[in-house]
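Quick note, the sequences are listed as chains A and B, same order. Start counting at 1 in the first sequence, then tack on 1099, and there's your number in this note's numbering. Start counting at 1 in the second sequence, then tack on 67, and there's your number in this note's numbering. Glycine included, each C-beta is placed from N, C-alpha and C at the ideal position.
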Amino acid sequence: MQMQPDNEDLQLIEKFIDGELSIDERKLFQERMNDEAFAKQLHFQRAVTDSVRIVQEQELKKKFKQRLEQQRMTNETGTGESSRRNYYWAAAVLVIALASTIFIVVQQPDSSEKLYLAYYQPYPVTGITRDGSEEKQDPAVTAYGSGDYRSAAFILEAKIAEATTRNAEELKLILGNCYLQLGEQNKAALLFKQVMQSDDPVLKADASWYFALAQIRMSDVANAKVTLQDLMATKSAYRSKAAQLLDDLD
Amino acid sequence: MEQNTFSALARSLKVGDNTILTSIFEAHSSYCIKRLGYRHNCSREDAEDLYIDAILNFRDKVVAGKLTGVIDLKSYLYGTCEHMFLTRLNQQKRVFHAAYEQYHFEQEYSADNNEEMSVDMLTWVREGLSTLNEKCRDLLTSYYFSRLSMEEIAEKFNMASPGVAKVSKSRCLQRLVASVKNIQQVTNANATR
């Protein structure tokens, strides 16, 4: 006899789909499968649960397709501009590398590193992603907080491309700190320099302080002094620390 | 790919954050798509589709816990693309030998077969999901798409225990099934008028 699936049947089907049937339930399930209405309900319910996954996958697929489309458009329109940009970056890196080399010869690298270690404290982060008033648990924050700077840097690099200007500045500051921790002070310095152009005085001061530390780590003491003197001329909280570091540098 | 990065990826996917996955997608797209083109004479469009499917396959394995680390991600992704390409090629060939193929009940219900899902069903489910409240929608997506365990769902939704999470998920699913059935009936009734 054919019966309409009741609530127990629906739960049995759900357990089968989720792979949670006990041995007794398995027997019952096999018996119930002789009922056409039950078999139809199974087919329908399976289709619904599979569709929940496929619908989400399709959304993701759509986003990836848009990404590829954007990449293609960027490649087509930005070739000339990007090669010019690459030239400027290469020139900037060359200048920094040259400056580093000169000062490595002139300065005692050990004393610079000691000063850097004495003054450096990682930029404090409580939350990177902000959606209105709620703060989401962010893998970048988790990685940064646990000292996994490589993973944090990896995530932040991707986030910066999508962030708003204000957010991007903050993220660059954190990414710069990751680079400092990874011993990639050149990359860190470039990021801090960008944030120093910010309209936000607090972020600007933060970036200047870390920029000076990056310069010290690169043994670029003369320029670090200039950065610290500029920082002292502001009303920021770093004034006294900057003065103290300047004294130690002298 | 470093183990830490891999763990960060798995964690982020579990909370529905696709940022790392997107950066992986962008980092290897050019290599995989171009290589499929010159090694298999694959059209750009087909290569892009294969690459997206390979990324989704990779994502699915990570959230299901079937993959816990990859040494060379670029090669892994390209390998998946190539495997998918060859499988599709074989499937196309097999169409000519369909008469020899047997019908298997399990295949009918296997997870791999659901890519053949009817467009109608997907539309009804999409519509059905929109009739649910946000929590129910999120709960079902967390279970069936992000593959969170009942423990993880209980934690994510601040529920007292995994048992409570299970009951909630069950209720949400029954609501969705009822809603989809209703949408299906209305659509079919309209079609026969």
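When you check each C-beta in the segment 213-244 of chain B against every C-beta of chain A, which residues fall closer than 8 Å? Answer set for the segment 213-244 of chain B: S237, L240, Q241, L243, V244.
Measuring straight from C-alpha to C-alpha, what distance separates S1297(A) and N255(B)? Taking the straight line from one Cα to the other gives about 59 Å.
Skipping 5 residues on each side, what residues in its chain have a beta carbon closer than 6 Å to that of K1286(A)? Scanning its chain for C-beta atoms nearer than 6 Å, with the 5 sequence neighbours on each side dropped, one finds around K1286(A) the residues Y1278, in chain order.
Would you please verify whether the beta carbon of F92(B) is less than 9 Å from any beta carbon of chain A? Yes, F92(B) lies at the interface with chain A (some Cβ there is under 9 Å from its Cβ).
For S1339(A), the first and last residue of its enclosing alpha helix (DSSP H): Its alpha helix (DSSP H) spans residues 1338-1348.
Give a yes or no on whether 9 Å exceeds the smallest Cβ distance from D1237(A) to chain B. Look at D1237(A): its C-beta is under 9 Å from a C-beta on chain B.
Measuring straight from C-alpha to C-alpha, what distance separates E1256(A) and L1270(A)? Between E1256(A) and L1270(A), the C-alpha separation is close to 9 Å.
Would you call the segment 202-211 of chain B in contact with the segment 224-239 of chain B, where contact means no fewer than 3 C-beta pairs closer than 8 Å? Yes, the segment 202-211 of chain B touches the segment 224-239 of chain B.
Contact list for the segment 1127-1157 of chain A against chain B, Cβ threshold 9 Å: Per Cβ criterion, the list reads Q1140, L1141, H1142, F1143, Q1144, R1145, A1146, V1147, T1148, D1149, S1150, V1151, R1152, I1153, V1154, Q1155, E1156, Q1157.
Residue range of the unbroken alpha helix (DSSP H) whose run includes C99(B): Segment 86-107, the alpha helix (DSSP H) holding C99(B).
From the beta carbon of P1241(A), is the nearest beta carbon of chain B less than 9 Å away? In the sequence on display, residue 1241(A) carries Thr and not Pro. With 9 Å as the cut-off, T1241(A) counts as an interface residue toward chain B.
Give a yes or no on whether 9 Å exceeds the smallest Cβ distance from Y145(B) to chain A. Taking Cβ atoms only, chain A never reaches closer than 9 Å to Y145(B), which makes this a no.
What is the DSSP secondary structure of V82(B), counted as helix, strand or coil? Reduced to three states, the DSSP call for V82(B) is coil.
Taking only runs of the alpha helix (DSSP H) that begin and end inside the segment 1122-1187 of chain A, which ones reach a length of at least 4 residues, in chain order? Within the segment 1122-1187 of chain A, the complete alpha helix (DSSP H) runs of at least 4 residues are 1122-1131, 1135-1176.
With the cut-off set at 9 Å, would you say A1242(A) and I1254(A) are in Cβ contact? In contact: A1242(A) and I1254(A) (Cβ atoms closer than 9 Å).
Burial state of G132(B) (16 or more Cβ within 10 Å): Counting C-beta atoms within 10 angstroms of its own C-beta, G132(B) has fewer than 16 neighbours from the protein chains shown and is therefore classed as exposed.
Leaving out five residues on either side along the sequence, give the residues of the same chain with a beta carbon under 8 Å from the beta carbon of A1336(A). Result list for A1336(A): A1304, in chain order.
Count Cβ pairs between the segment 183-195 of chain B and the segment 242-253 of chain B that sit closer than 8 Å; are there 3 or more? Pairwise C-beta distances place the segment 183-195 of chain B in contact with the segment 242-253 of chain B, as three or more of them are shorter than 8 Å.
Here's a check: name, in chain order, each residue in its chain whose Cβ is nearer than 6 Å to the Cβ of A1323(A), leaving out the five neighbours to either side. Close CB contacts of A1323(A) within its chain, under the 6 Å cut and outside five residues either way in sequence, are with A1311, Q1314, I1315 (chain order).
Contact belief for S79(B) with I87(B) at Cβ below 8 Å, rounded distance in angstroms: About 5 Å; that satisfies the 8 Å criterion.
In whole angstroms, what separates the C-alpha of Y1309(A) from that of F1291(A)? If you take the alpha carbons of Y1309(A) and F1291(A), they lie about 7 Å apart.
Consider the Cβ of D1247(A): report whether some Cβ of chain C lies at a distance smaller than 9 Å. Note that chain C does not occur in the displayed structure, where the protein chains are A and B.
Please confirm if the segment 1145-1162 of chain A is in contact with the segment 112-132 of chain B, defined as three or more CB-CB distances below 8 Å between the two stretches. With the cut-off at 8 Å, the segment 1145-1162 of chain A and the segment 112-132 of chain B touch.
To the nearest whole angstrom, what separates the beta carbons of H107(B) and F152(B), a pair I think is in contact under 8 Å? The C-beta distance from H107(B) to F152(B) rounds to 6 Å, short enough to meet the 8 Å contact threshold.
Using 8 Å as the Cβ pair cut-off and three pairs as the minimum, do the segment 140-149 of chain B and the segment 97-107 of chain B touch? Short answer: they touch.
Could you confirm whether any beta carbon from chain B is found closer than 9 Å to the beta carbon of L1281(A)? For L1281(A), the answer is no, since every Cβ of chain B falls outside 9 Å of its Cβ.
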